[in-house]
Amino acid sequence: MINEIQLQLTPPVPFSFSGTVGSHGWVDLLPNAWDAETKSMRRVEKLSSGKVVKLIIFEECKEEVTPVIGVNVESQGILLEHEITEIRTRVSDMLRLDEDLSEFYSLCARRGAPWDKITKGLGRMLRAPTFFEDVVKTICTTNVQWGGTKGMVKRLVEVYGEPYPNDETMHTFPSPEIIATAPFDDFHGYVRMGYRSDYVHLLSKRIASGELDLESIKTSSLPTSELKKQLLSIKGVGNYAAANLLMLIGRYDELAIDSIFRTYMRERYFKGVLPSDKEAALIYDDWGKWKYLAYWFEIWEYYNNQSPPQSEQSS
DNA sequence: TTCCAGGGGTAGA
DNA sequence: TCTACCCATGGA
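Under the working numbering, think of the first position of the first sequence as 699, with each following residue one higher.
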């Protein structure tokens, strides 16, 4: 029996739902999917109890001053209270509703236009409910075009994710345990991640065996430099990937220097001449611990306000 | 066919 | 710390 309930979450004020869900390309990577018509994000989740549920996340009551996030939950059978609590926690975590950006907003307000746009509720970068998913997806963004990233993640989810019982075309993001138990040759052949499949398979095995507690990094209070060291110790994670992952856990003091960053800096600040990475990074030095968010907003503005550079329409 | 993408690992200096 | 070289994959 299909059971449907609707949950409501109260985000902080200000909060931009579209600005958060479309903050970067993550909404386009399965199991996430954006429905432009209903302006909602869809996702299948496997709860700790083992139940697989479908979530549709959207913004309610746009005319109201206080925003409300609606979550339609579809499941087989009635959900227990602790399962509902878990869904709330995961959605809140993805949308980063608990993150305090007030200091960053104050800085932006003082700088005036265009930075004051951020204070309308931008700056919350969509993430996955698990750090494992974010790390795997980040590895899949390295040295590949965005279409390639989407393909790798799609194959990973569709082959190794758990299907949603009421619609088997939809899947969860696979657990480390599932990937770890898959023979490497099969995994490599199915997901076609190139050399990245070694990194993802090894990471999964380390987590499944208990050798690595990846999720603890997400909530650690250690200094950013220490967390960066831990991230760099993961095979497949270099400086770019580590900075991207630090951003996803609320540490914005590092810039993710990739081809997008270099192209942007060359065009915007260095008159067509490619600067060194160090020279380019100095542009954001006075943003202190908010460098990443400042850079990301600026590049967003530069490339047509809405779409991330060199990405297909993703939000 | 060649280039290169939201780079990273490794060896050697 | 820096550089050179190699690394699968697939779109342009």
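Think of the CB as a built atom: it goes at the ideal place given N, C-alpha and C, for glycine as much as any other residue.
Local Cβ density within 10 Å of residue 897, reported as buried at 16 or more and exposed below that: buried
Identify the continuous beta strand (DSSP E) that holds residue 731 and give its terminal residues. 731-733
Under the rule that 16 or more other beta-carbon atoms within 10 Å means buried, what is residue 837, buried or exposed? buried
Name the two residues that bound the continuous beta strand (DSSP E) containing residue 756. Segment 750-758, the beta strand (DSSP E) holding residue 756.
Residue ranges of each beta strand (DSSP E) run of no fewer than 3 residues wholly in the segment 859-897, ordered along the chain? 865-869
Quick check: residue 835 and residue 929, are their CB atoms within less than 8 angstroms of each other? no
Tell me, which residues are paired with residue 770 by DSSP? DSSP links residue 770 through a beta bridge to 704 and 754.
The segment 790-801 in contact with the segment 815-835 per 3-pair CB rule at 8 angstroms: yes
Using a Cβ-Cβ cutoff of less than 7 angstroms, which residues in the same chain neighbour residue 1009 once the five nearest sequence positions on both sides are dropped? In this predicted model, residue 1009 has a pLDDT of only 34, less than 50, meaning its place in the structure is not dependable enough to derive any value.
Report the rounded CA-to-CA distance for residue 1058 versus residue 776, giving the unit in angstroms. Only positions 699 to 1013 of the chain appear in the structure, and residue 1058 is not among them; the question remains open.
With C-beta atoms as the reference, is residue 729 less than 8 angstroms away from residue 870? yes
Alpha-carbon to alpha-carbon, residue 783 and residue 847: Residue 847 and residue 783 have their C-alpha atoms some 32 angstroms from each other.
Residue range of the alpha helix (DSSP H) that residue 742 falls in? Where residue 742 is concerned, there is no enclosing alpha helix (DSSP H), although the beta strand (DSSP E) it sits in stretches over 738-744.
Top-ranked residue by Cα proximity to residue 739, from 999, 749, 718 and 745: Cα-wise, what sits closest to residue 739 is 718.
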